[in-house]
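In the numbering used here, the protein residues as written are 13 to 741. C-beta atoms are modelled at their ideal positions from N, C-alpha and C, and glycine is treated no differently. None of the values given here were measured: they were computed from a predicted structure.
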């Protein structure tokens, strides 16, 4: 039986608070933790598929042009080589998140260096890899490849353009104004598990084990790429070793494995090398951002301008949404916002963790610090004075707004010293010490979701959905929601994820997973509770369940009378999405030390305070925040994609040269969870946290660098060479 709930009004009741089990929100350990720690949780490339051949992608060594010939015989005579696949259905790009259709196909046409053009299949991975390196390919090089975003006329994204009032006049009349330009380098998702797939055919039926985030869209994308019906495709992604946006859509290895398995008549596994993942899947676009802020004598913004230039391949609709939170973050009646895209020949730009705010907020919050210094106002106070009552562009109310609480609680927990600030006030030996802060915001997204909950005859429960867990704690959170609703210990709730045979979930991405699929589980459990309530002559709101029994003593097993009770919950956001501006908010505080002689920066301590609706699990939520703060350190100090200016190939295409923060770079991190209930955000009053934790944190570090040593930098990452040049004598 299916139950549909479409949310058109906020739900501000305390239903889940009133349940008796008391497990929702608790810091329970992940229920799949033991399997992961012992290596028994199978990832995409680890399923024991018999007679599985190995495939290795061959990638282009030109930037733009055409493959004119592939000499298959140059490798087919090599030991163990089975086939060379250059089918026109091979994908040349990864699909964008929620694309719901095949990405670009046709490997003969090359659009960027490193684009997949063929697949070599062999008996072993080593033999396939060797043959892939020796495959003879001839090209026709096409001149005119564009590699520099600043060298072409960009395309304005009209849906992002805002003109309100007269910003130029506000800048001229303001008591305090700034006009600054920031740049950020491109970023890689660099998930621990590489992109991988095992494809196996049974007649015309295809099963693929893959590392994917959004199976509900991925199955459509794969079926479209192969010109198949979805009913003939099954995707399995029970465990995903990180994605950060790079696995939102199908990528090249999934289609390649399916085509190869069909051609050779046996299962085929394709695992991208770390270098291929960096070079072919997804990048976050570099940005150039101009910030113009105008304030009156009290520090109240009267003008707000934010313009950004990003890049992508020709034919891609995605544009890094740099301005996403700038539209509502601060007031200012005179506004100009504009986003432009330059078409260049680098690999596909797409969603990387916290697309938009991850690079937009560091620029905005750096500019706010510049304004605070110019106006002689404490940075925390400046932000408090500029929190808008309603969305300054749309006029909509906020579903909830916890920025002020995050700023105040974060400042208190960190020990922030209020007042006007000056750089170079503290030195210990050769190290300058300073502090900085920044606000955080990440738009709240919600999506249609389905989940089936079965209350088994023995009193246990089963949750089934094709929703994925990319390391965020989905298994545990869904067990807690079902346990809370049905009065069960979460250990009595089995959660099955990542299989398209189950009801369609929302997928993991955009920080919408937990609130969306959690709402579907809630709807299903509510329907089960209604059935149980009817059995004992009461109504669902008054039904009390705890430890497998009702308040009047009936056991669930007796009420079920030997039969399972199953309901499929179907949640849709409804009109409520158009009635509110919904976002998570937060504040970062950082203390850094900067070496006077080398410009090296070390983060000594960092704290984040975040408000994102109901906390579903305090431990997994904190872990997500810590992960975001850690990535903020990378954005601020180390992470940068570097491209060769001659052919556009990615120079630092592995974890040896693309520098993510390691243990020594990350101090003890503090997290303050500013709990709230947002009834407009979702029926379970929760919002996403997976991305909020890195939206602006880099600016807190940048601002602390300036406070420490006086080096005001406008280019991320703030590497020692840049710091030492900007440092006063």
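For residue i, I'd like the list of residues in its chain whose CB is within less than 7 Å of its CB, leaving aside the five on either flank, ordered along the chain.
i	result
residue 84	96
residue 117	100, 101, 102, 103, 104 and 237
residue 680	617
What number of angstroms, rounded off, separates the C-alpha of residue i from the C-alpha of residue j?
i	j	result
residue 629	residue 311	38 Å
residue 670	residue 653	7 Å
residue 633	residue 153	50 Å
residue 668	residue 678	18 Å
residue 701	residue 98	42 Å
residue 136	residue 92	7 Å
residue 73	residue 655	14 Å
residue 414	residue 547	42 Å
residue 194	residue 125	28 Å
residue 486	residue 480	7 Å
residue 641	residue 522	17 Å
residue 45	residue 242	32 Å
residue 412	residue 689	8 Å
residue 205	residue 182	50 Å
residue 545	residue 561	12 Å
Restricting to Cα atoms, I'd like to know which of the options is closest to residue i.
i	options	result
residue 134	508, 220, 366 and 89	89
residue 503	14, 17, 417 and 33	33
residue 457	493, 520, 420 and 491	520
residue 417	429, 648, 184 and 600	600
residue 421	449, 408 and 434	449
residue 687	43, 704, 726 and 626	626
residue 674	658, 649 and 695	649
residue 13	550, 465, 619 and 491	465
residue 285	552, 71, 376 and 658	71
residue 189	276, 200 and 303	303
residue 373	300, 607 and 406	300
residue 451	423, 476 and 435	423
residue 24	721, 244, 289 and 696	696
residue 482	61, 211 and 201	201
residue 506	513, 492 and 512	492
residue 434	397, 176, 407 and 388	388
residue 87	80, 39 and 141	141
residue 115	233, 166, 81 and 54	233
residue 217	245, 54 and 472	245
residue 720	606, 684, 707 and 736	606
residue 586	531, 31, 406 and 544	531
residue 631	29, 445, 28 and 42	42
residue 661	375, 82 and 75	75
Should residue i and residue j be called a contact, given that it needs their Cβ atoms to be closer than 8 Å?
i	j	result
residue 248	residue 219	yes
residue 527	residue 693	yes
residue 732	residue 611	yes
residue 644	residue 709	yes
residue 455	residue 337	yes
residue 494	residue 533	yes
residue 357	residue 665	no
residue 203	residue 162	no
residue 391	residue 403	no
residue 278	residue 56	no
residue 69	residue 288	yes
residue 508	residue 476	yes
residue 718	residue 647	no
residue 307	residue 187	yes
residue 120	residue 132	no
residue 179	residue 346	yes
residue 174	residue 405	yes
residue 557	residue 474	no
Ordered along the chain, which non-local residues of its own chain (more than five positions away) have a Cβ less than 6 Å from that of residue i?
i	result
residue 516	228, 462 and 478
residue 282	67, 209, 265, 268 and 269
residue 172	335 and 351
residue 683	620, 634 and 637
residue 340	403 and 593
Sorted by chain position, which residues of the same chain lie with C-beta nearer than 8 Å to residue i's C-beta, five sequence neighbours on each side aside?
i	result
residue 329	108
residue 588	19, 20, 21, 22 and 692
residue 584	16, 17, 18, 19 and 460
residue 657	159 and 160
Are there any heavy atoms of the ligand GTP lying less than 7 Å away from the beta-carbon of residue i, as far as the coordinates show?
i	result
residue 129	Looking for the ligand GTP in the displayed structure turns up nothing, as the structure carries no ligands at all.
| the stretch 95-102 touching the stretch 632-652, judged by at least three CB pairs closer than 8 Å | The way I'd put it, the stretch 95-102 doesn't touch the stretch 632-652; fewer than three beta-carbon pairs between them come closer than 8 Å.
| field | the stretch 615-634 in contact with the stretch 708-721 per 3-pair CB rule at 8 Å | value | Short answer: they touch.
| said: If contact is defined by three or more beta carbon pairs under 8 Å, each pair taking one atom from either stretch, is the stretch 361-370 in contact with the stretch 291-311? | reply: With the cut-off at 8 Å, the stretch 291-311 and the stretch 361-370 touch.
| said: I want to know whether the stretch 344-355 touches the stretch 310-326 - three or more CB-CB distances under 8 Å. | reply: Taking a cut-off of 8 Å for Cβ pairs, the stretch 344-355 and the stretch 310-326 touch, as three or more such pairs fall below it.
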